[in-house]
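Numbering (this note's numbering), first residue to last: 26 to 93.
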């Protein structure tokens, strides 16, 4: 699931506080960069990371132009 299109930062925090969310990892946020005092950082069941999907070696190989 494209998590950010369905789950806002506020909903993730609310679910984290209620224990409704077993766990999630987020790499896209409503405001970037994520502030150091973001409530998302206060919950052990919410993992935040930078958005680096295109920075993997595999992604770089796939983005190279292909010759016919």
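Even for Gly, the Cβ is constructed at its ideal location relative to N, Cα and C.
Quick caveat: nothing in here was measured; it's all calculated off a predicted structure.
Neighbourhood of residue i by C-beta distance below 6 Å, restricted to the same chain and skipping five residues each side
{"i": "residue 28", "result": "Because the pLDDT of residue 28 is 49, which lies under 50, any placement of that residue in the model is unreliable, and the question is left without a value."}
{"i": "residue 44", "result": "none"}
{"i": "residue 50", "result": "72"}
Any chain C beta carbon closer than 8 Å to residue i
{"i": "residue 88", "result": "No chain C appears in the structure shown, which is made up of a single protein chain."}
Option nearest residue i by Cα separation, candidates the options
{"i": "residue 67", "options": "41, 32, 51, 36", "result": "41"}
{"i": "residue 46", "options": "57, 56, 72", "result": "72"}
Start-to-end residues for the alpha helix (DSSP H) that takes in residue i
{"i": "residue 88", "result": "82-88"}
Own chain residues within Cβ distance below 8 Å of residue i, not counting five before or after
{"i": "residue 75", "result": "52"}
{"i": "residue 26", "result": "Confidence is the limiting factor: at residue 26 the pLDDT is only 44, short of 50, which leaves the residue's position unreliable, though a coordinate-based value still follows. Closer than 8 Å at Cβ, skipping near neighbours: no residue."}
{"i": "residue 91", "result": "none"}
Nearest-angstrom beta carbon gap, residue j and residue i [assumed within contact, 8 Å]
{"i": "residue 37", "j": "residue 59", "result": "That belief does not hold up - the Cβ atoms of residue 37 and residue 59 are roughly 12 Å apart, past 8 Å."}
{"i": "residue 34", "j": "residue 55", "result": "5 Å"}
Margin query: Extract the residue ranges of the beta strand (DSSP E) inside the stretch 31-66, only unbroken runs of 3 or more that lie entirely within it.
Written below: Listed in chain order, the complete beta strand (DSSP E) runs (minimum 3 residues) inside the stretch 31-66 are 49-51.
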